[in-house]
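Here the sequence shown is numbered in the working numbering, starting from 6 and rising by one per residue.
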Amino acid sequence: MRKEPIETKPEFRRHEKIPVTILESYEMVSKAVASEIADRIQKNNAKEKRTVLALDTGNTLAGVYREWIQSFRRGEIDFSRVILFAIAEYHPIEKDALQSQQRFLKENLLDHVNLPSENTFFLDVDGSKKQVEKQLREYEKRISDEGGIDIALAELGSTGHIGFNQPGTQASSRTRQIALDEALRKEAAADFFSEENVPESGVTLGLGTLLEANSVILVAIGEGKSKIVRKTVEGDLEPSIPATNFQGHEPAHLYIDHGAAESLIRVRQPWVLGDLAWGEHRKYRAVIQLSEETGTALSRLETIDFTRNHLAGLLRVSDSADSLCEWVADELTSRIRDTGDFFEKKKVLIFSPHPDDDVICMGGTMQKLLARKNRVDVAYMTSGCVAVFDEDALRHLEFIERIRESLGVSDKRVTGRISELMDFLKKKKIGQIDSAGIQAIKRIIRESEAVAAIETLGIGREHAHFLDLPFYQTGRVKKDPIGDEDVKIVLNLLRNLKPDIIFVAGDMTDPHGTHRMCKQAIDQALLHLKKRPEVWLYRGAWQEWDL
Numbered sequence: 006m007r008k009e010p011i012e013t014k015p016e017f018r019r020h021e022k023i024p025v026t027i028l029e030s031y032e033m034v035s036k037a038v039a040s041e042i043a044d045r046i047q048k049n050n051a052k053e054k055r056t057v058l059a060l061d062t063g064n065t066l067a068g069v070y071r072e073w074i075q076s077f078r079r080g081e082i083d084f085s086r087v088i089l090f091a092i093a094e095y096h097p098i099e100k101d102a103l104q105s106q107q108r109f110l111k112e113n114l115l116d117h118v119n120l121p122s123e124n125t126f127f128l129d130v131d132g133s134k135k136q137v138e139k140q141l142r143e144y145e146k147r148i149s150d151e152g153g154i155d156i157a158l159a160e161l162g163s164t165g166h167i168g169f170n171q172p173g174t175q176a177s178s179r180t181r182q183i184a185l186d187e188a189l190r191k192e193a194a195a196d197f198f199s200e201e202n203v204p205e206s207g208v209t210l211g212l213g214t215l216l217e218a219n220s221v222i223l224v225a226i227g228e229g230k231s232k233i234v235r236k237t238v239e240g241d242l243e244p245s246i247p248a249t250n251f252q253g254h255e256p257a258h259l260y261i262d263h264g265a266a267e268s269l270i271r272v273r274q275p276w277v278l279g280d281l282a283w284g285e286h287r288k289y290r291a292v293i294q295l296s297e298e299t300g301t302a303l304s305r306l307e308t309i310d311f312t313r314n315h316l317a318g319l320l321r322v323s324d325s326a327d328s329l330c331e332w333v334a335d336e337l338t339s340r341i342r343d344t345g346d347f348f349e350k351k352k353v354l355i356f357s358p359h360p361d362d363d364v365i366c367m368g369g370t371m372q373k374l375l376a377r378k379n380r381v382d383v384a385y386m387t388s389g390c391v392a393v394f395d396e397d398a399l400r401h402l403e404f405i406e407r408i409r410e411s412l413g414v415s416d417k418r419v420t421g422r423i424s425e426l427m428d429f430l431k432k433k434k435i436g437q438i439d440s441a442g443i444q445a446i447k448r449i450i451r452e453s454e455a456v457a458a459i460e461t462l463g464i465g466r467e468h469a470h471f472l473d474l475p476f477y478q479t480g481r482v483k484k485d486p487i488g489d490e491d492v493k494i495v496l497n498l499l500r501n502l503k504p505d506i507i508f509v510a511g512d513m514t515d516p517h518g519t520h521r522m523c524k525q526a527i528d529q530a531l532l533h534l535k536k537r538p539e540v541w542l543y544r545g546a547w548q549e550w551d552l
């Protein structure tokens, strides 16, 4: 069933206290935000005026910065008059540390455009508490001296935080140092390889500083942000949700994708807001939702259940409540496939972003595919090495060393290499990238686990294909963009195996973006095939399908 477009008429937006633009995908959101800000920069350039930006960091905004870089390379934007202020920074942290927000902005934007270094300002403060406070006051004064912030661009955080303005932050707050709460530290744990490595404090522009900006653009992506988006946009002003301070604030605007929008009333229950066209998908969703919210089985829903829940309009375009519920029940049942309903004797290729998504998300389906005598191959697109703890890698190295001793192997090259790797792990600094050797050990750990899992299902190890795509090989949570080499590797596998059907991870809410990037590589590879396989999407690791 084709989804109906999201309603945009004023009556369907009346509960929204912040203007919201909803676009289909992360890529579309990135392009729209980048274009809006670029247009303002170019208009100011034409007037020989400066543009003062306050920029946030993170994977969500990396797409915007990539769009700017591409526009700059095409000669469409000039950053020479831009003044940049960072919104936040961890403290203490070295400015060139992997997790430094200063380094993020340099690697993802500043190193690739003509924004003068003397026009960039970061929150790299140090010294005693009084010295830090003095430096932060000077940061505020610098913003004021530049005429204030023209555009602030920030990600809407999982708790409604903006920068490091955590729950409980006052609307009048200024640039300051704060202790990071548990939620923020957990959110940053992956970047620092564990929560205990995350700095205990940070420095951030205050809500009061951001509210004074001429324009504030907030961005949220994915179903994981849908609840905080609803609270921010439709809820009451709550001190526990800092982003609600932007309600009724004319310069503020929120850009979100379909996933992040799914809890908004005009997306979740548009029928309570006004008259609308009732397509099949909307009818189906309304009845399923009614059953879930009333706790009433489809077969027991009555006319009064519909009329009490703003669905009288649906009944007017249906024969009866009974016939409508019967149709929905039949549609729902048709989506359930038993073993005998699956195709048979086909060549099936399952793309698994990490070496566990296949069995976590569709282990049962894999068993059914095998029962129907399908040939099943699994392509593990990344090594997943970042998820392996140092302790596990050290334990495996110690195991190898003990096996070496037990077998009487005394090759100095082997003993020297093992000793070197163990020494690296024991002396590894907080947040330090693993050496190539340690990444290889962690990769092999994940690969052996993946092979053991599919062998349990009855799939031989010869059907496991470890692609180890280059975009993932940064040694850290932040990955490179998908490149030609990534697409080439996927394309070669498709040409070699010639699958009839492929399964692709369709849960785009993976917090680190790997699932989305893997799908991008597959989509690009498919464009090069004359005869394309049938594509099925699966979910489960981060996001489930709706009923």
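Ideal Cβ placement from N, Cα and C applies to all residues, glycine included.
Between tyrosine 543 and glycine 511, the gap from beta carbon to beta carbon is short of 8 Å. When the five nearest sequence neighbours on each side are left out, the beta carbons in the same chain lying within less than 7 Å of the beta carbon of alanine 376 are those of Thr344, in order along the chain. By the criterion of a C-beta distance shorter than 6 Å, glutamate 243 is surrounded in its chain by Thr249, once the five residues flanking it on both sides are discounted. Minimum Cα-Cα distance from glutamine 274 among the listed residues His117, Gly227, Phe17, Leu534 corresponds to Phe17. Per DSSP, tryptophan 541 is one residue of the beta strand (DSSP E) stretching across 539-543.
Beta-bridge annotation (DSSP): histidine 470 is paired with Ala384. If one requires a minimum length of 4 residues, the alpha helix (DSSP H) runs lying completely within the segment 246-309 are 263-266, 270-273, 285-299, in chain order. If only uninterrupted beta strand (DSSP E) runs of at least 3 residues are considered, those enclosed by the segment 60-93 are 87-91. A direct Cα-to-Cα measurement between tyrosine 70 and glutamate 41 gives close to 13 Å. Annotated as proximal: alanine 91 and leucine 60, with beta-carbon spacing under 8 Å.
Within a 10 Å sphere around the beta-carbon of phenylalanine 476 sit 16 or more other beta-carbons, which makes this residue buried. Here lysine 524 is buried. Its C-beta has 16 or more other C-beta atoms within 10 Å. Under the three-pair Cβ rule at 8 Å, the segment 448-464 counts as touching the segment 388-398. One thing to note: tyrosine 289 has its Cβ within 8 Å of the Cβ of glutamate 336. In the three-state reduction of the DSSP assignment, arginine 55 falls in the coil class, being assigned neither a helical nor a strand state. Distance from the CA of methionine 427 to the CA of alanine 441, rounded to the nearest whole angstrom, comes to 13 Å. Cβ contact annotation for serine 296 (same chain, cutoff 6 Å, sequence separation greater than five): Leu303, in chain order. Note that the segment 207-221 touches the segment 176-193; at least 3 beta-carbon pairs, one per stretch, sit closer than 8 Å. Here valine 224 is bridged, per DSSP, to Glu160, Tyr260. Between isoleucine 11 and leucine 259 the beta-carbon gap is near 14 Å, outside 8 Å, which marks them as no contact. Judged by their CB atoms, serine 424 and alanine 384 are not nearer to each other than the 8 Å cut-off. Nearest to isoleucine 154 by alpha-carbon distance, out of Gln437, Ile46, Glu460, is Ile46.
Tryptophan 73 and alanine 265 have their C-alpha atoms some 23 Å from each other.
Contact check between the segment 156-171 and the segment 118-133: fewer than three CB pairs, one atom from each, fall below 8 Å, which does not count as touching. Between glutamate 94 and leucine 115 a beta carbon distance of about 15 Å is seen, past the 8 Å cut, so the two are scored as non-contacting.
Here the alpha carbons of methionine 367 and alanine 455 stand approximately 14 Å from one another.
At least 8 Å separates the beta-carbon of isoleucine 408 from that of valine 381. Taking the CA atoms as reference points, phenylalanine 471 sits about 9 Å from proline 360. For phenylalanine 347, same chain residues with a beta-carbon under 6 Å away, outside a window of 5 residues either side, are Lys373, Arg377 in chain order.
For the alpha helix (DSSP H) assignment, the uninterrupted runs of no fewer than 4 residues enclosed by the segment 298-363 are, from N- to C-terminal side, 308-312, 317-321, 326-339. In this structure glutamine 175 is exposed. Its beta-carbon is surrounded by fewer than 16 other beta-carbon atoms within 10 angstroms. Here isoleucine 233 is near glycine 165, since their CB atoms are less than 8 Å apart. Looking at the DSSP output, glutamine 182 sits in a beta bridge with Val208.
Non-local beta-carbon contacts of asparagine 50 in its own chain, meaning distances under 7 Å to residues more than five positions away in sequence, involve Asp83, Arg86 in chain order. Scanning its chain for C-beta atoms nearer than 7 Å, with the 5 sequence neighbours on each side dropped, one finds around threonine 308 the residues Leu320, Ala326, in chain order.
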